[in-house]
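Participant: According to mature numbering (1 follows the signal peptide of the UniProt record, and there is no 0), the residues represented by the sequence shown are -23 to -1, 1 to 523, in order.
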Amino acid sequence: MARCFGSLAVFLCVLLMLACCQALSSNVDDGYGHEDGSFESDSLIKLNNDDDVLTLKSSDRPTTESSTVSVSNFGAKGDGKTDDTQAFKKAWKKACSTNGVTTFLIPKGKTYLLKSIRFRGPCKSLRSFQILGTLSASTKRSDYSNDKNHWLILEDVNNLSIDGGSAGIVDGNGNIWWQNSCKIDKSKVYSIALTLYNLKNLNVKNLRVRNAQQIQISIEKCNNVGVKNVKITAPGDSPNTDGIHIVATKNIRISNSDIGTGDDCISIEDGSQNVQINDLTCGPGHGISIGSLGDDNSKAYVSGIDVDGATLSETDNGVRIKTYQGGSGTAKNIKFQNIRMDNVKNPIIIDQNYCDKDKCEQQESAVQVNNVVYQNIKGTSATDVAIMFNCSVKYPCQAAVGLLCSSTISVVAGGGGRGAAATVGTPASMQLRHVLSTQPSMSWSRLSDKWRPPQSRAKMPAKTDKMVMTAKITTSVSIERWSELWHGWSREGGSMYMVLGVVVVPSWSSSLAVTPNMRKSLESESLSGVLVGAKVTRNKCNVWLN
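1. Helix, strand or coil: which one does DSSP assign to tyrosine 121?
2. Excluding five sequence neighbours on each side, which residues of the same chain lie with their C-beta closer than 7 Å to the C-beta of aspartate 235?
3. In the DSSP output, what is glycine 356 paired with across the bridge?
4. Checking contacts by CB at 9 Å: is asparagine 228 closer than that to chain C?
5. Closest to cysteine 368 by C-alpha separation, out of Gln329, Ile267 and Cys337, would be which residue?
6. Kindly indicate the opening and closing residues of the alpha helix (DSSP H) around serine 74.
7. What residues in its chain sit with their C-beta under 6 Å from that of residue 566, if we drop five residues either side in the sequence?
8. In three-state terms, what does DSSP make of isoleucine 153?
9. Go through its chain and collect everything with a Cβ distance to lysine 125's Cβ below 6 Å, but skip five positions before and after it.
10. Express the C-alpha separation of leucine 131 and lysine 177 in angstroms, rounding to a whole number.
11. Please return the same chain residues whose Cβ sits closer than 6 Å to the Cβ of valine 78, not counting the five positions on each side in sequence.
12. Is the CB-CB distance between glutamine 302 and glycine 271 below 9 Å?
13. Here's the rule: buried if 16 or more other CB atoms are within 10 angstroms of the residue's CB, otherwise exposed. What is isoleucine 231?
14. What is the residue span of the beta strand (DSSP E) that histidine 127 lies within?
15. Among Lys92, Ser342 and Thr357, which residue has its Cα nearest to the Cα of glycine 149?
16. For valine 186 and serine 280, what's the separation of their Cα atoms in angstroms?
17. Between which two residues does the beta strand (DSSP E) holding phenylalanine 51 run?
18. Give the secondary structure of aspartate 241 by DSSP, where H, G and I count as helix, E and B as strand, and everything else as coil.
19. Tell me whether asparagine 180 sits in a helix, a strand or coil according to DSSP, three-state version.
20. Which whole-angstrom value is the C-beta distance of valine 344 and glycine 304, which I expect to be below 8 Å?
21. Just curious, the beta strand (DSSP E) that serine 269 is in, first and last residue?
22. Checking 9 Å against the spacing of the C-beta atoms, do valine 252 and isoleucine 223 come in under that value?
23. Verify whether the separation of the beta carbon atoms of aspartate 293 and lysine 334 is less than 9 Å.
24. Using DSSP with H/G/I as helix, E/B as strand and the rest coil, what is asparagine 206?
25. DSSP on aspartate 333, reduced to helix/strand/coil?
26. Please list the terminal residues of the continuous beta strand (DSSP E) segment that includes aspartate 256.
27. Determine, using beta carbons only, whether isoleucine 254 and aspartate 283 come nearer to each other than 9 Å.
28. Would you call glycine 151 buried or exposed, if buried means 16 or more other Cβ atoms sit within 10 Å of its Cβ?
29. For tyrosine 82, which residues of its own chain have a beta-carbon under 6 Å away from its beta-carbon, when the five flanking residues on both sides are left out?
30. By how many angstroms is the C-alpha of asparagine 50 removed from the C-alpha of threonine 288?
31. Among residues of its own chain, excluding the 5 on either side of glutamine 339, which ones have a beta-carbon nearer than 8 Å to its beta-carbon?
32. Under the assumption that isoleucine 196 contacts leucine 173 (Cβ atoms under 8 Å), give the Cβ distance between them as a whole number of angstroms.
33. Any idea if glutamine 320 is buried or exposed, counting beta-carbon neighbours within 10 angstroms, 16 or more meaning buried?
34. Put threonine 45 into one of helix, strand or coil per three-state DSSP.
35. For aspartate 273, which three-state DSSP category applies?
36. Less than 9 Å between the C-beta atoms of glycine 52 and serine 113, yes or no?
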């Protein structure tokens, strides 16, 4: 009997313990919001049904204190004389491996002398790279023995902000290198000041970069990049010192920045897509360039370039697309708009036959240039040629579709107030098919899709390959009608390759010279051809068809 009572007591104790555990589990979760293995709607861990990945709700993430890793704490002197490279490497290693939101700090008020250095990720939680002081490049050639092409490289780090705090400076000390530039001596290779490589979700702001040995900032193989309030400077005669060089990068916006160098303010090369440029000040330099593309018979692809809002002053070029002969690929969907040019030597250029050598071999293939729009571009040209298109015969500038001399775009020839106004522009539609005509009064008019010789036109030889028409716009022509005073060529049954027209200010004469190898005589109903060149000067527009 005692044995039975003992066994019963043990059994009752076990039941009591199980009941207590059940009661506790009904009121207390496991600290992560889980109850009975389920995920509630307000739990800390949430299942993302789109990709079946467990993610933390941002509002409920555990709070982690942020930390700052300063190079000063790792022995950096910042006196402009001591080599601080090793101190920077140690600080970077610490910052990159630290848990929690981390800032890599270069303190203000000091100058840090550095050799070639690579800041490589991936990092755990590095979110900010603050350059508040001055980074000064070593002037010793031996300090670049490990990497002659780069001085500062930041690579393989995502979700990062590079902030100069409006005081931070990256100084390439290029003045001692330029006299032996690779553009002068091809055997000499010098360093890009700041290379941003394979970064995703990057912001660069409030930074000054100056006097790089060659390119100032190179953005390569990055995605989702913002560059804002950056000032880049180098003398106008410093060789190969592009301001911002973009290669194989997608989704980048450059805004509110000031760039003046000895080469392109911004250059955009192969593999770049969706590039936006807003509120840019450029000069001195070579303007905004797409290319060079297709060098050494290579393939190149660039698309989705939108330059909206820029001022270019005293630059060698304005907006330029340049491709080598022998290349292939496409440069397409490009728009230049709301741009002011002051005393620019070559305001608008498309060159499919670019050559930077003494002599280039003539080749038939070329990078195809498609769908380029120029809109609301105004200013002064330092030379008589305001627009020059040098297009491939075999792969013509379909991008030139829409070029016309109208009030949409104006380029005043003769920098410094010289010369008179000539205008250049683009129709809204790429499918327009209007052709040219003269009337007895020698004024321009808009006609149908067919070209018909005017009744009063003097008889011309049937096989002539040149036609010159001169028009004078009287003071009675209103500006609202200017956009209609244009003409062009189309190919029957196909897309139009060129629209061109002439509008000048009252009392000025303008001439259009066409020198095609016509498929039909001038007496035919249609004039067909493919654009291979165009040039707009102070008082004339020239077009070449093939």
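All C-beta atoms in this analysis are idealised placements derived from N, C-alpha and C, irrespective of residue type, glycine included.
For clarity, every value in this text was computed on a predicted model and none was experimentally measured.
Facilitator: Result, derived from the coordinates:
1. helix
2. Lys208 and Thr258
3. Met318
4. As a matter of chain content, chain C is missing from the structure shown, which is built from one protein chain.
5. Gln329
6. 62 to 74
7. Residue 566 lies beyond the residue range present for the chain, which begins at -23 and ends at 523; the question has no answer from this structure.
8. helix
9. Val166
10. 12 Å
11. Ser43, Ser102 and Arg104
12. yes
13. buried
14. 127 to 132
15. Lys92
16. 28 Å
17. Phenylalanine 51 -> no beta strand (DSSP E), and no H or E assigned at all.
18. coil
19. strand
20. 5 Å
21. 265 to 270
22. yes
23. no
24. coil
25. coil
26. 250 to 259
27. yes
28. buried
29. The sequence given here places leucine at residue 82; tyrosine does not occur at that position. Closer than 6 Å at the Cβ level, and outside the excluded window around leucine 82, lie Thr45, Ser47 and Gln107.
30. 43 Å
31. Gln302
32. 5 Å
33. With the sequence shown as reference, residue 320 is identified as asparagine, and glutamine is not the correct amino acid for it. Answer is buried; the Cβ neighbour count reaches 16.
34. strand
35. helix
36. no
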